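Novice:
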Amino acid sequence: MLDTVGATHLEDLYAHLPPEVRFHGSLNIPAGKSEYEIIDYFRARGAENANWHANFLGAGVYHHYRPVLADAIASRGEFLTSYTPYQAEISQGTLTAIFEFQTMICQLTGMDVANASMYDGSTAMPEAAMMAMRITGRDAVAVARTVHPEYREVLGTYTRHQGVRVREFEYDAETGQVDLASLEQALDESTAAVVIQSPNFFGVVENAKQIAELAHARGALLVFVFTEAISLGLLEPPRDADIVAGELQSFAIAPSYGGPFAGVLACKEKYVRQIPGRLVGETKDASGHRAFCLTLAAREQHIRREKATSNICTNQALIALMATVFMALYGKRGLRELAEQNLAKAHYLGGKLWRRFKGPYFNEFAAATGVRSPQEINRRLRDVKIVGGLPLDRFYPELKNSMLLCCTEMSSRTDMDGVAEAFGA
Amino acid sequence: MDPENLRYTKEHEWLRVEGDIGVIGITFHAQKELGDIVYVDLPKEGAVVQQGKTIGSVESVKAVSDIFTPVSGEVLETNSSLADTPEILNSDPYGSGWLVKIKLSDPGEAGKLLTAAEYQAYVGTESS
Amino acid sequence: MIQKVRPHPSQNEPLLFERSSPGKSGYQLPDLDVPAVDPAEALGSANVRRDIPDFVEVSEVDVLRHFTRLSTWNYAIDLGLYPLGSCTMKYNPRVNEAVARTEGLMWIHPFQEDPLAQGALAIMAELERALAEITGMDAVTLQPAAGAHGELTGILMVRAALEAQGNPRKKILIPDSAHGTNPASVRMAGYEVGNITSNERGMLDAEALARTVDESVAAIMITNPNTLGVFEERIAEIARIMHAQGALVYMDGANMNALAGISRPGDYGVDLMHLNLHKTFSTPHGGGGPGSGPVAVKKPLEPFLPLPRIQRTASGWSWNCDRPQSIGRVRAFYGNFGVLVRALAYVMAHGGDGLKRATLDALLNANYLRKLLERHYQIAYHAPSMHECVFRHQATAAIAKRLIDYGFHPYTVSFPLIVHGAMMIEPTETESKQELDLFAEALIAIANEFQENPELVSTAPHTTRVAKVDEVAAARKPVLRWSRL
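Protein chains in written order, with our numbering: chain A, 160 to 584; chain B, 153 to 280; chain C, 34 to 518.
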C-alpha cells in the first residue's frame with residue numbers, strides 16, 4: 160500500500176505539513192491496554208459509586224426497571240453501528256423504527272407530529288420556546304418556576320443572545336402549582352410562549368387546561384414539558400398544549416449519571432414546518448411498496464445553513480429505539496399498570512410524611528423534614544444503603560428543610576418504611 | 153423559452169405587468185436548478201412588500217431558495233393551488249405556476265429589470 | 034427470471050400497530066406490596082386519561098421478532114465499509130459497549146452527592162485530561178451532547194470572552210467549505226456569518242483573510258483538515274492574523290481522526306475546538322445518535338466553560354458551580370456520560386502510540402483509495418489528502434445508489450457544496466487492503482457502467498429490499514405518523 164501511494168514510511172503521509180503544525184513528541188497517554196485491563200478499570204470505578212438497590216432521587220431522572228429486550232435489540236450491530244439513515248434504501252430498519260417512535264409519541268402526548276427525538280428534555284425545551292417565537296413573531300417567554308431548575312438554566316443559556324426576554328412566574332405556596340395571578344402578570348402582547356411542566360418539579364400535576372386558556376387568550380402558545388414519561392400512561396395528555404417537549408429517560412434508559420437520554424419535541428400539525436430536528440415520513444418505492452425516508456430536510460442546517468430552524472443535526476436514534484422497545488413491551492395496558500404502581504408507591508410513602516404541597520401528585524413529592532435536616536436524613540439513610548431524596552433548598556432557597564422524594568415500581572415497601580423511619584415519622 | 157413579454161431578475165424571478173398589477177413567478181432555469189419542488193411559502197395577502205426583499209421561499213427535497221420580489225407594492229393574491237400541487241411550478245413556471253399578484257406602488261420599477269435577452273445572457277454566464 | 038417473493042415474512046414485517054391485537058402484552062410487573070390507589074381519587078378524575086387510542090398491544094416475542102427483522106433492513110459498519118466522508122465510520126469496539134453497561138456506572142443518579150459518585154467523576158476527569166493532551170489544549174468540558182452542540186457552546190464562550198473585554202463584536206468568519214451546522218450555530222449565539230472562500234488549492238487564503246479581518250470579527254471557525262480532506266497548511270499564520278486583530282480561532286474538530294498523535298491544534302494558535310467522540314473516538318453512531326461533542330480550550334478561555342466543572346479537592350472529586358464568568362448550563366446534568374465511558378475505553382485500548390498509529394493508517398487508507406481511483410474519477414483538488422478524498426462526477430447521486438448494489442454504503446454525496454457533484458470518501462483506519470480493493474473495483478466498474486449503460490446506474494439500487502425511495506412524494510404530502518384508516 161505504501162508503494163502505491165509513493166511513500167516509504169507511514170510518516171511520509173503527512174510530511175507536507177509545515178513543521179510548526181506537526182506534533183513532534185509522543186502523547187502522554189499510557190500504552191494501550193488489553194480488554195481485560197479495560198474492563199477491570201471500569202469495574203473498579205463502578206464500585207466507587209453508591210451502587211445500592213434503593214434510590215429515592217427523581218428530579219428529572221428516574222429509577223425504573225429496564226426490560227432486557229431494550230439492550231438486546233439496541234445491541235444489534237445493524238442498529239448500533241449504522242449512520243443517520245440518509246440512504247433510505249439501506250436504512251429501512253432505522254427509518255421504520257423512528258416512524259413507529261414518532262407515532263407512539265403522538266399517541267401518548269395527544270400531539271399530531273413528533274420529531275425523531277432531541278438530545279434530551281433540557282435542550283428540547285428551549286428549542287420549543289424558540290419554535291414558539293418563530294411561529295408568533297414575538298420575543299418573550301414566560302416560564303413557571305416549577306419547571307426543572309436546570310432546564311430553565313439551559314433556556315437562559317440558549318436564548319440569552321437571541322433577543323429573548325425570559326420571565327419567570329411563581330408557584331402557589333400551598334398547592335405547589337402555578338400561581339395563576341403571577342402567570343397573568345407575566346403575560347403581555349409580546350409573550351410567545353408560556354412554559355409549564357407537569358407533573359412539575361415538585362411532582363405536582365398542573366392544571367394545563369386552565370393555563371392554556373390564559374396563554375391563548377393573550378395569543379401565546381403553551382409549551383408543555385414533562386420529565387417523567389411514565390406519567391403519560393395515567394395522566395390526561397396535554398391536548399391543550401401547542402408544543403410538547405419532554406424527556407424519555409424513564410422508558411428503559413439507564414440513569415447513567417445524566418446521559419445519554421432522549422428528548423421529545425411534538426406539536427400540532429399546523430406548526431410542522433417550524434419543528435427542528437429530524438422527521439421520518441412514509442412514502443413509496445419505485446415499485447409502489449411502502450417505504451420510509453427522512454423528510455422536510457429543507458428546514459435543516461445542512462441546507463439552510465444560517466437560516467435553519469436550529470443547528471441540531473442529530474437525534475438520539477439508538478436511545479429512542481430503546482424507548483420504542485419499552486413502549487411496545489408495556490403497551491396500552493402495561494403503561495397504565497406501571498403508572499398506577501408508581502402512583503400507589505408514592506402515595507404510600509407520601510401518606511407517612513408531612514407533604515409541603517396539597518396539589519395532586521404522581522410519583523414524586525416534596526416532604527418537609529421537620530426537626531432533622533435533609534442532609535441529616537440522607538446521612539442516616541446512607542448507613543442503611545439507601546440513597547435519599549434531593550434537598551430542595553439547592554434550587555429553591557425558600558424551601559428549607561424540604562426534600563424531594565421519588566418512588567417508582569422499584570421502591571419496596573421495606574425501603575420506604577426505612578425512609579419514613581429516618582424522617583422520625 | 154423565457155417569454156419576451158416578461159421582465160426578469162438576477163435572482164431568477166419573472167414579472168408580468170397587467171395594468172397596475174404585477175404577476176410574479178420563478179423562471180424555468182430556477183425550477184430546473186431546484187429540481188422537484190415540494191413546498192412553496194408565500195406572503196399573506198395584504199402584505200406590503202418592497203423591491204428586492206424576501207417574500208417567501210421555494211423548497212425542493214435538497215434545496216431551498218428565497219423569493220425576492222422584483223417590485224414593491226401590496227400583495228393582492230397568492231396562488232392557492234401551489235399548496236396542494238407545488239409540482240406545477242416545475243411543469244408550468246410561466247403559467248399556472250405563478251406565485252403572487254402585487255398591486256404596484258411604483259410602476260417605474262419594472263422598467264429597470266432585465267429583458268428576456270439580458271436574462272438569458274446572464275444565465276449563460278452564471279452557468280459557465 | 035426469479036422474482037422476489039412478496040409475502041416473505043421477514044421482508045414484509047408490518048408496523049407494530051398493524052401487528053397489535055387487543056389484550057396482548059409483553060410485560061410482567063411484580064405484585065404491588067402497598068395498597069392500590071384509585072387514580073381518580075388521588076389525581077382528580079379530570080386529570081386521568083381513559084385510554085391511549087391505538088397504542089401497541091403485542092407480545093414479547095412479537096417485539097423481538099419485529100425489531101430483529103427491521104434490523105436486517107439496515108446497512109451497518111459491522112457489515113462492511115462505510116465510506117461516508119467527514120463522518121468517520123470506524124469500527125465500534127464491543128469492549129466499549131461492555132464497559133458502558135457496568136452495573137455501577139449505569140445506575141448512578143446525577144443528583145447523587147459527589148462522595149457517592151467518585152468513580153464517575155474520576156472517569157470524566159481522566160477523559161478530560163486525555164482529550165486535552167491529544168488536542169494540546171488546557172481544559173475540556175464534556176457536556177455538549179453532539180458536535181453541533183459543542184459548536185454552540187464554543188461560540189457562546191467566544192462571545193463571553195470578548196464581552197469580558199468590553200466588546201463581543203459582530204461576526205464569525207466561516208469558509209464556504211464548512212459544514213452547515215457552523216453557520217447555524219453562529220446564528221444561535223447571536224452572531225452574523227461572514228462567508229469566506231477557499232482558493233484554487235482548496236485552502237484558506239491567508240492574504241485575502243488578512244484584508245477581511247477587522248474589529249467587527251469575533252472569530253474564525255475553521256474545519257481542519259477541511260471538508261475536502263485537505264490540511265489548512267497556513268492555519269498557524271491565520272491564527273496570528275486573527276490574534277493580531279483581537280479575534281479568536283475556533284476549530285471544528287470533526288476531522289480530528291486525521292490529526293490525533295501527529296498534530297495538536299493547541300500548539301499552533303487554535304484557541305478552542307470541539308471533538309466528535311462518535312467519530313474520532315469510536316463511539317457508535319446508533320443510526321443517528323447519541324453523540325458527544327466535548328469542547329477543549331486554552332487557558333484564557335477556561336473561566337467561560339459551561340457549568341458545572343469537575344474539581345479536585347482534599348476530599349476527592351466534586352462539582353464546582355461557583356464560576357461567575359461561565360456561559361451557564363448548556364444542558365441538564367453533566368454530559369452523555371455513557372458515551373464518555375466508551376470514548377475513554379477507546380483511548381485506553383490504544384494508548385498514545387496506538388492513537389497515532391490509527392491516524393497514520395487512516396491517512397494511508399485514504400491516500401491508497403485516492404491512487405486507485407484517480408485514473409477513473411476526477412479529483413476535486415490536487416492538494417495532498419489527509420484522511421479523506423473528494424472526487425467529482427456529474428452523476429454522484431446515481432453512482433452512490435449503484436454502490437449499494439455492490440454491497441457498499443455510499444460515500445457522502447454532494448458535499449462539500451463548493452464541489453459540484455462531490456463524492457467525499459473517508460475509509461478510516463478500520464478497513465483492510467482487501468476491503469479497499471473491492472470498494473475501488475466497484476467504483477471503477479460503475480464508472481464503466483455509466484458509459485455503457487447509464488440507465489442501469491440512474492435507476493439503482495436494484496438489489497435492495499425496497500427499490501429507489503420517492504423522497505419527493507414524502508416531502509410534498511408529509512405522512513409523519515401511522516393512523517388507523
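Quick reminder that beta carbons are idealized off the backbone N, C-alpha and C, glycines included. Only a predicted model underlies this, so the values are computations on that prediction, with no experimental measurement involved.
Return the chain-ordered list of same chain residues with a C-beta closer than 8 Å to the C-beta of Phe314/C, the five sequence neighbours on each side being excluded.
Specialist: Counting only Cβ-Cβ distances below 8 Å, and skipping sequence neighbours, we find Leu308, Arg375, Ala376, Tyr379 and Val380.
Novice: DSSP state of Ala273/A, grouped into three classes?
Specialist: Residue state, collapsed to three classes: strand.
Novice: Can you pull the chain A neighbours of Tyr115/C, defined as C-beta to C-beta under 9 Å?
Specialist: The contacting residues are Thr240, Ser241 and Tyr242.
Novice: Looking at chain A, is there any beta carbon in it that lies within less than 9 Å of the beta carbon of Ile360/C?
Specialist: Ile360/C counts as touching chain A.
Novice: Answer yes or no: do Pro298/C and Ile268/C have a C-beta to C-beta separation smaller than 9 Å?
Specialist: Yes, Cβ-Cβ distance for Pro298/C and Ile268/C is below 9 Å.
Novice: Whole angstroms are fine: how far does the CA of Leu261/C sit from the CA of Asp399/A?
Specialist: Each residue's alpha carbon lies about 49 Å from the other.
Novice: What number of angstroms, rounded off, separates the C-alpha of Ala450/A from the C-alpha of Phe220/B?
Specialist: Their backbone Cα atoms lie some 36 Å apart in a straight line.
Novice: Could you pull the start and end residues of the beta strand (DSSP E) that Gln321/A belongs to?
Specialist: Unbroken run through Gln321/A: none, as it is neither H nor E.
Novice: Report all residues from its chain with a CB closer than 6 Å to the CB of Ser280/B; omit the five preceding and five following residues, and keep chain order.
Specialist: Since pLDDT at Ser280/B reaches only 41, below the 50 mark, its modelled position is unreliable, and the value read off the structure follows with that caveat. Nothing listed; no residue qualifies.
Novice: Taking only beta-carbon positions, decide if Val314/B is within less than 9 Å of chain A.
Specialist: Any answer about residue 314/B is impossible in this case: the structure gives chain B only from 153 up to 280.
Novice: Grab me the residues of Gly219/A's own chain with a C-beta within less than 6 Å of its C-beta, minus the 5 sequence neighbours each way, in chain order.
Specialist: Once the five neighbours on either side are set aside, the close Cβ partners of Gly219/A are His307 and Thr386.
Novice: What is the DSSP secondary structure of Met275/C, counted as helix, strand or coil?
Specialist: Three-state result, Met275/C: helix.
Novice: Specify, as a first and last residue, the run of the beta strand (DSSP E) that Leu256/B falls within.
Specialist: Val252 to Leu256 is the extent of the beta strand (DSSP E) around Leu256/B.
Novice: Quick one: grab the DSSP three-state call for Lys434/C.
Specialist: Here Lys434/C sits in helix by DSSP.
Novice: What would DSSP say about Ser280/B, mapped onto helix, strand or coil?
Specialist: Per-residue confidence for Ser280/B stands at a pLDDT of 41, beneath the threshold of 50, marking its modelled position as unreliable; the derived number appears in the next sentence. If DSSP states are grouped into helix, strand and coil, Ser280/B belongs with coil.
Novice: Is there a C-beta anywhere in chain A that falls below 9 Å from the one on Ala252/C?
Specialist: Cβ-Cβ to chain A under 9 Å: no for Ala252/C.
Novice: Using a Cβ-Cβ cut-off of less than 9 Å, give me the residues of the region 437-465 of chain A that come near chain B, in sequence order.
Specialist: Within the region 437-465 of chain A, the residues whose Cβ lies closer than 9 Å to some Cβ of chain B are Thr454, Leu455, Ala456, Ala457, Arg458, Ile462 and Arg463, listed in chain order.
Novice: Is it true that the CB of Gly368/C sits closer than 9 Å to the CB of Ala476/A?
Specialist: Contact: no.
Novice: Does the beta carbon of Gly493/A sit closer than 9 Å to a beta carbon anywhere in chain C?
Specialist: Yes, its Cβ sits closer than 9 Å to a Cβ of chain C.
Novice: Scan the region 276-292 of chain A for residues whose Cβ lies nearer than 8 Å to a Cβ of chain C and list them as they occur along the chain.
Specialist: Residues passing the 8 Å Cβ filter: Ser276, Tyr278, Asp279, Gly280, Ser281 and Thr282.
Novice: So the alpha helix (DSSP H) Arg102/C belongs to, where does it begin and stop?
Specialist: Here the alpha helix (DSSP H) through Arg102/C covers Glu93 to Ser104.
Novice: Could you confirm whether any beta carbon from chain C is found closer than 9 Å to the beta carbon of Pro245/B?
Specialist: So, not an interface residue.
Novice: Could you name the residues of the region 185-219 of chain B whose beta carbon sits closer than 9 Å to any beta carbon of chain C, in the order they occur along the chain?
Specialist: Those residues of the region 185-219 of chain B that come within reach of chain C (Cβ to Cβ, closer than 9 Å) are Gly187, Asp188, Ile189, Val190, Tyr191, Glu211, Ser212, Val213 and Lys214.
Novice: Per the DSSP calculation, Gly418/A is bridged to which residue(s)?
Specialist: Answer by DSSP bridge pairing: none, since Gly418/A is not bridged.
Novice: Starting from Cys120/C, find everything on chain A with Cβ-Cβ shorter than 7 Å and list it in chain order.
Specialist: The contacting residues are Tyr242.
Novice: Report the residues of the region 135-163 of chain C with a CB closer than 7 Å to any CB of chain A, ordered along the chain.
Specialist: Cβ contacts with chain A: Thr135, Glu136, Gly137, Leu138, Met139, Trp140, Ile141, His142, Pro143, Phe144, Gln145, Leu149, Ala150, Gln151, Gly152, Ala153, Ala155, Ile156 and Ala163.
Novice: Using a cut-off of 7 Å between C-beta atoms, extract the partners of Val505/C located in chain B.
Specialist: Within 7 Å Cβ-Cβ: Asp188, Val190 and Val213.
Novice: Counting only the same chain and skipping the five closest in sequence on each side, list residues whose C-beta sits under 7 Å from that of Arg326/A.
Specialist: Cβ neighbours of Arg326/A beyond the five flanking positions: Ala299, Ala301 and Ala345.
Novice: Select from Glu146/C, Pro258/C, Phe144/C and Val446/C the residue whose C-alpha is nearest the C-alpha of Gly235/C.
Specialist: Among Glu146/C, Pro258/C, Phe144/C and Val446/C, the Cα nearest to that of Gly235/C is on Pro258/C.
Novice: Run the CB neighbour count on Lys559/A, radius 10 Å, all protein chains shown included, and call it buried at 16 or more, exposed below.
Specialist: With fewer than 16 Cβ atoms within 10 Å of its Cβ, Lys559/A is classed as exposed.
Novice: Which partner residues of Val446/C appear in the DSSP bridge assignment?
Specialist: Per DSSP, Met456/C.
Novice: Which of the three DSSP states, helix, strand or coil, is assigned to Gly227/C?
Specialist: Looking at Gly227/C - three-state DSSP - the assignment turns out to be strand.
Novice: Closer than 7 Å between beta carbons: that is the criterion. Which residues of the region 493-517 of chain C meet it against chain A?
Specialist: Per Cβ criterion, the list reads Pro494, Thr497, Arg498, Val499, Ala500, Lys501, Val502, Asp503, Glu504, Ala506, Ala507, Ala508, Pro511, Val512, Leu513, Arg514 and Trp515.
Novice: Please state if the CB of Ala399/C and the CB of His420/C are separated by a distance shorter than 9 Å.
Specialist: Contact: yes.
Novice: Using the beta-carbon count (16 or more within 10 Å), is Pro216/C buried or exposed?
Specialist: Burial call: buried.
Novice: Thinking C-alpha only, which one of Val431/A, Gly422/A, Ala456/A and Leu455/A is nearest Ala482/A?
Specialist: Comparing Cα positions, the closest option is Gly422/A.
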